[in-house]
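Just so you know, the working numbering puts 267 at position 266 of the sequence shown, and the rest follows in order with no gaps.
Quick reminder that beta carbons are idealized off the backbone N, C-alpha and C, glycines included.
Computed from a predicted structure; not experimentally measured.
Take a look at the structure below.
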Amino acid sequence: MSAITTTAAGTLTPTVTGGLPTLLADGWTVTWRNLLKIRRTPDMLIFAVLQPIMFVLLFSQVYGGSIRVQGTDYTQFLMAGIFGQTIVFGATFSGSAMAQDLKEGIIDRFRTLPMSPAAVLIGRTNGDLVLNGISMVIMILTGFLVGWRFTTSVWSFLGGVALLLVFGYAFSWVMALIGMSVRSPEAINNASFMILFPLTFISNAFVQSQSLPGPLEFFANWNPVSALVQAARQLFGNLGSAPVPDAWPMQHPVPTVLIGSAVLLAVFVPLCVRKFQRISSR
């Protein structure tokens, strides 16, 4: 339930009551607003889908013939890496959208409404989840076209897709915090690339971590994106006969991703809510 209260200074201030049901209802309302925004700006959806298609074709058809991986075909090895990269890159929409909303004053409009502060963040990250889901469908179809196949059960395959989406959702809260911390929407691109490029390219997404120099191999084996990619390969049955690195995240990738996602949510959801409340109170 929502209400309007009057402060000592005589100004009207929106307050929110009702607990979790109100939060979920407000979150769904903002989620629907973000989904309508995607529908009304189809170019954003088009470019979000074209990027993973480009990477699939580039690495599988252009570079695939010159890259060798031990124990499996490169296309089978590659697809989980493309899935992981796209999911992580897709989380940047939360950051850029929050920065853009701050610049355009939309956050100030939300502040005047009797709604939960967390609802704006929930709606934004849920929008990323839907966009990542659409990208996953397109990538899977593209992968089938270039010869990729999953060799496990349908349930294991769906579990791999769900794991990718869960990690992407958790990571979108990280990018949302960055989006609220930068001074302009333009800065979020530079800030996000400084984080995403090392995470995705110093990993096992495109090459086996054993082929990297010592310090980079260590970083890759403990990189959360590597664990995500390794978990996807395991659940899709794309590991082949390649030796698994002797590092805990590589030996137990699925629990690593689940634990990591839970930690990201436990840390960054409260941080994002507090940051949003500070911004809204200015």
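> How about A228 and P256: do their beta carbons lie closer than 7 Å?
Replying inline: Numbered from 1 along the sequence shown, position 227 holds the residue referred to as residue 228. Numbered from 1 along the sequence shown, position 255 holds the residue referred to as residue 256. No, the Cβ-Cβ distance between A228 and P256 is not below 7 Å.
> So, do the segment 181-200 and the segment 149-162 have three or more beta carbon pairs nearer to each other than 8 Å?
Replying inline: Too few Cβ pairs lie closer than 8 Å, so no.
> Does the count of Cβ pairs from the segment 45-64 and the segment 168-177 closer than 8 Å reach three?
Replying inline: Too few Cβ pairs lie closer than 8 Å, so no.
>> My output table needs one value for G85: the three-state DSSP class, helix, strand or coil.
In response: Position 84 of the sequence shown, counted from the first residue, corresponds to residue 85. In the structure shown, G85 falls within a helical segment according to DSSP collapsed to helix, strand and coil.
> Do the segment 216-234 and the segment 117-134 touch if we need at least three Cβ pairs shorter than 8 Å?
Replying inline: As far as the Cβ criterion goes, the segment 216-234 does not touch the segment 117-134, which means the pair count is below three.
> Exposed or buried, D247, counting other C-beta atoms within 10 Å across all chains shown (16 or more means buried)?
Replying inline: For the purposes of this step, residue 247 is taken as the residue at position 246 of the sequence shown. D247 sits exposed, since fewer than 16 C-beta atoms from the chains shown fall within 10 Å of its C-beta.
> Could you give the C-beta distance for S95 and T126, rounded to a whole number, given that I count them as a contact under 8 Å?
Replying inline: For the purposes of this step, residue 95 is taken as residue 94 along the sequence shown, with counting starting at 1. For the purposes of this step, residue 126 is taken as residue 125 along the sequence shown, with counting starting at 1. Between T126 and S95 the Cβ distance is about 5 Å, and since that is below 8 Å, they are a contact.
>> Out of W223, S136, A92 and L58, which one is the CA nearest neighbour of M251?
In response: Locating residue 251 in the sequence shown gives position 250, where the first residue counts as 1. When only C-alpha atoms are compared, the closest one is W223.
>> So, for T76: in the same chain, excluding its five sequence neighbours on each side, which residues have a beta-carbon less than 7 Å away from its beta-carbon?
In response: Against the sequence shown, residue 76 aligns to sequence position 75. S61, G65, V147, G148 and W149.
>> Between L240, V175, A233 and G85, which has its C-alpha nearest A263's C-alpha?
In response: For this step, residue 263 is matched to residue 262 along the sequence shown. The alpha carbon of A263 has as its nearest neighbour, out of L240, V175, A233 and G85, the alpha carbon of V175.
> Among the residues of its own chain, which have a CB less than 6 Å from the CB of V70, if the five just before and after it don't count?
Replying inline: Walking along the sequence shown from the start, residue 70 turns up at place 69. For V70, where only same-chain residues beyond five positions count, the Cβ hits under 6 Å are F78 and Q209.
>> Spatial neighbours of A286 within its chain, please: C-beta separation below 7 Å, excluding the five flanking residues on both sides.
In response: Residue 286 falls outside the range modelled here, since the chain spans only 2 to 283, and no answer is possible.
> In whole angstroms, what is the alpha-carbon distance linking I83 and L142?
Replying inline: Position 82 of the sequence shown holds residue 83. Position 141 of the sequence shown holds residue 142. Between the alpha carbons of I83 and L142 lies a gap of roughly 13 Å.
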